[in-house]
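A.B. asks:
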Amino acid sequence: MRIGQGVDIHAFGPGDHVMIGGVRIAHSHGLVAHSDGDVALHALCDAILGALALGDIGRHFPPSDDRWRDADSRVFLRHCAALMREQGFTLGNADISIVCEVPKIAPHTAAMRANLAADLGCDTGKISVKATTSEKLGFTGRGEGIAAFAIALLIVA
Ligand code: MG
Numbered sequence: 006m007r008i009g010q011g012v013d014i015h016a017f018g019p020g021d022h023v024m025i026g027g028v029r030i031a032h033s034h035g036l037v038a039h040s041d042g043d044v045a046l047h048a049l050c051d052a053i054l055g056a057l058a059l060g061d062i063g064r065h066f067p068p069s070d071d072r073w074r075d076a077d078s079r080v081f082l083r084h085c086a087a088l089m090r091e092q093g094f095t096l097g098n099a100d101i102s103i104v105c106e107v108p109k110i111a112p113h114t115a116a117m118r119a120n121l122a123a124d125l126g127c128d129t130g131k132i133s134v135k136a137t138t139s140e141k142l143g144f145t146g147r148g149e150g151i152a153a154f155a156i157a158l159l160i161v162a
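In our numbering, the protein residues as written are 6 to 162.
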């Protein structure tokens, strides 16, 4: 077995929606990012890459590369899934926590789990997506951005 963790943070900026877990959620702000700023997917990618000891998402998809401007982060996740399979692993399970005051995440977690399971080629039962606020404390509490944390357990295929 291999285990990895991932963390990602993006700040709110101009826009009318955020992409989280591959779900477009209408909001008063967007997330500032080179790609689509999908914190949940970025954290999960880093957890998988971490489990494989293959660096981080910035190494595989450099922000300096124009190919990834406004990129759909599900492309990143599918790439990480392919690397996982190449290395002889399959996903045991993944657990993702999203921290923000707004927008409300809970109504969208089922759709997020379905997206992630599709990209990873696994059952939705292996994917957990949870959400919490930070009780108005810190940058997430002040509504300045969104943070996501992920853990992935990989098992020999
Ligand atoms: Mg990111």
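Quick reminder that beta carbons are idealized off the backbone N, C-alpha and C, glycines included.
Buried or exposed: which applies to Ala58, given that a residue is buried once 16 or more other Cβ atoms fall within 10 Å of its Cβ?
C.D. replies: Ala58 should be labelled exposed.
A.B. asks: Is His65 helix, strand or coil by DSSP?
C.D. replies: If DSSP states are grouped into helix, strand and coil, His65 belongs with the helices.
A.B. asks: Suppose only complete runs of 3+ residues qualify. What are the beta strand (DSSP E) ranges in the region 60-111, listed by chain order?
C.D. replies: Listed in chain order, they are 94-104.
A.B. asks: Which residue's Cα is closest to the Cα of Arg83: Ala122, Ala153, Gly35?
C.D. replies: The candidate whose alpha carbon is nearest that of Arg83 is Ala122.
A.B. asks: Which residue wins for smallest C-alpha separation from Arg147, given the options Thr138, Ile30, Ala155, Asp13?
C.D. replies: Considering only alpha carbons, the answer is Thr138.
A.B. asks: Indicate whether at least one CB of chain C lies closer than 9 Å to the CB of His39.
C.D. replies: Among the chains in the structure shown there is no chain C, since it carries only a single protein chain.
A.B. asks: Given the structure, does Ser102 come close to the ligand MG, in the sense that its CB is under 8 Å from one of the ligand's heavy atoms?
C.D. replies: No, the beta carbon of Ser102 sits no closer than 8 Å to any heavy atom of the ligand MG.
A.B. asks: At a threshold of 8 Å, does Ile62 count as lining the ligand MG (C-beta to nearest heavy atom)?
C.D. replies: Yes, the ligand MG has a heavy atom inside 8 Å of this Cβ.
A.B. asks: State the DSSP-derived secondary structure class of Met24, mapped to helix, strand or coil.
C.D. replies: Correct three-state label for Met24: strand.
A.B. asks: Quick one: grab the DSSP three-state call for Gly11.
C.D. replies: Looking at Gly11 - three-state DSSP - the assignment turns out to be strand.
A.B. asks: Can you list, in chain order, the residues of its chain with a C-beta nearer than 8 Å to that of His113? Leave out the 5 residues immediately preceding and following it.
C.D. replies: These residues qualify, in order along the chain: Ile25, Gly26, Val28, Ile30.
A.B. asks: Can you tell me which of Glu140, Phe81, Ala119, Phe154 puts its alpha carbon nearest to the alpha carbon of Glu106?
C.D. replies: Considering only alpha carbons, the answer is Glu140.
A.B. asks: Tell me the DSSP secondary structure of Lys131 in three-state form.
C.D. replies: Here Lys131 sits in helix by DSSP.
A.B. asks: Taking 5 Å as the limit, tell me which residues put their C-beta closer than that to any heavy atom of the ligand MG, in chain order.
C.D. replies: That gives Asp13, His47.
A.B. asks: Take Val23 as the anchor and find which of Leu125, Arg7, Thr129, Ile103 has the nearest alpha-carbon.
C.D. replies: Residue Ile103 is the option with its Cα nearest to Val23.
A.B. asks: Taking buried to mean at least 16 other C-beta atoms within 10 Å of its own C-beta, is Leu142 buried or exposed?
C.D. replies: So Leu142 ends up on the exposed side.
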